[in-house]
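Be aware that the sequence shown starts at 5, since it is given in the numbering used here, and climbs by one per residue. We put the CB at the ideal spot given by N, CA and C, even for glycine. Since the model is a prediction, treat every value here as computed from it, not as a measurement. A short worksheet on the structure shown next.
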Amino acid sequence: MNVLEALRQARRLLPPVSDEPELEAELLLRHCLGVDRASLYRLLTAELSEEEQLRFRELVRRRLIHEPTAYIIGRKEFFSLDLEVTPEAIIPRPETELLVELAIEVAQENPSAQALRVADVGTGCGAIAVALAIALPEAKIAAVDSSAGALELAKRNARRHSVERRIRFISGDLLKTLNERVNVIVANLPYVTTADWKALPPEIREHEPRLALDGGEDGLRVIERLLQQAPGRLTPSGVLLTEIGHNQGRAAKAAARTVFARAAVKIVPDLAGRDRVLAVRI
5 MNVLEALRQA
15 RRLLPPVSDE
25 PELEAELLLR
35 HCLGVDRASL
45 YRLLTAELSE
55 EEQLRFRELV
65 RRRLIHEPTA
75 YIIGRKEFFS
85 LDLEVTPEAI
95 IPRPETELLV
105 ELAIEVAQEN
115 PSAQALRVAD
125 VGTGCGAIAV
135 ALAIALPEAK
145 IAAVDSSAGA
155 LELAKRNARR
165 HSVERRIRFI
175 SGDLLKTLNE
185 RVNVIVANLP
195 YVTTADWKAL
205 PPEIREHEPR
215 LALDGGEDGL
225 RVIERLLQQA
235 PGRLTPSGVL
245 LTEIGHNQGR
255 AAKAAARTVF
265 ARAAVKIVPD
275 LAGRDRVLAV
285 RI
């Protein structure tokens, strides 16, 4: 079996579990062979060894039982960064890049960028913290998570992109262990309702950490706690940005206004026009 035949075989097998069988077949085979995309396509007529064939079949088998490709290959791209991912943290989604973009916009409005302090709460694999550390080289970033495994993963991603000295990693429950005021709080916290979590595809429900997804009966349990803790951690004119579900805009705004009565509160939509980020500017 050559490389092209292996790709075609995987493409035929993957549609029941994948909306992008061609892409996932390619990612799995690249991981199997340890090559980049350009090299893979230069090798289309190359024969796979018996060991390589067995290894590739095992990767495809794991995908067919709904293990996410990102966990199988241990990598995911976010904000054009190659990140390590493991089941210790959820897989970063493209929609979450909006949080990074909004935080960068806030930083660009700040006349004293050197003093900018940002807290990434619920950092997970460190995607947001690392992306901001690269985009805002003068900013001071704190990455907070209650999971020791997630924090170790985030540290490895920071080292991978040479920003580990500019991110302070903090173990704690939301803002409780953050002993400073910051200009920006950015957070991708659990916001899926418990009922919706039970109905999620097995790729998510059976493999990604429930603690990082399940936001309780209305999906806002953890976000409401963040809002309650935020006044003591934001500087004057500080900004809080947190990702929300597509149908949570009205409830999230109401929750924010119970804490920040005089703040400017708005919902920022994603590219599809759906509720995506709760933005609070005090």
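**Report entry** Distance between Glu113 and Val226 (C-alpha atoms, nearest Å)
**Finding:** 29 Å
**Report entry** Ala117 - DSSP class collapsed to helix/strand/coil
**Finding:** Its pLDDT being 49, under 50, Ala117 is placed unreliably in this model, and the coordinates cannot settle the point.
Report task. Identify every run of the alpha helix (DSSP H) within the region 28-75, keeping only runs that are complete inside it and at least 4 residues long; order them along the chain. Result -> 41-46, 54-68
**Report entry** alpha helix (DSSP H) segment containing Val263, residue limits
**Finding:** 253-263
Query raised in the report: On the three-state DSSP scale, how would you describe Lys159?
Result: helix
Report task. Can you tell me which of the three DSSP states Arg172 falls into? Result -> strand
Query - Beta-bridge pairing of Val284 - partner residues as DSSP gives them - result: Leu244, Val269
Requested in this report: Could you have a look at Asp279 and say whether DSSP puts it in helix, strand or coil?
Outcome: strand
Report task. Put Leu140 into one of helix, strand or coil per three-state DSSP. Result -> coil
Query raised in the report: Per DSSP, which one or two residues make a beta bridge with Pro83?
Result: Contrary to the premise, residue 83 reads as Phe rather than Pro in this sequence. Answer is none; Phe83 lacks a bridge partner.
Requested in this report: Determine the burial state of Ala119: buried for a count of at least 16 other Cβ atoms within 10 Å of its Cβ, exposed for fewer.
Outcome: exposed
Query - Residue closest to Gly253, alpha-carbon to alpha-carbon, out of Pro240, Leu238, Val269, Leu244 - result: Val269
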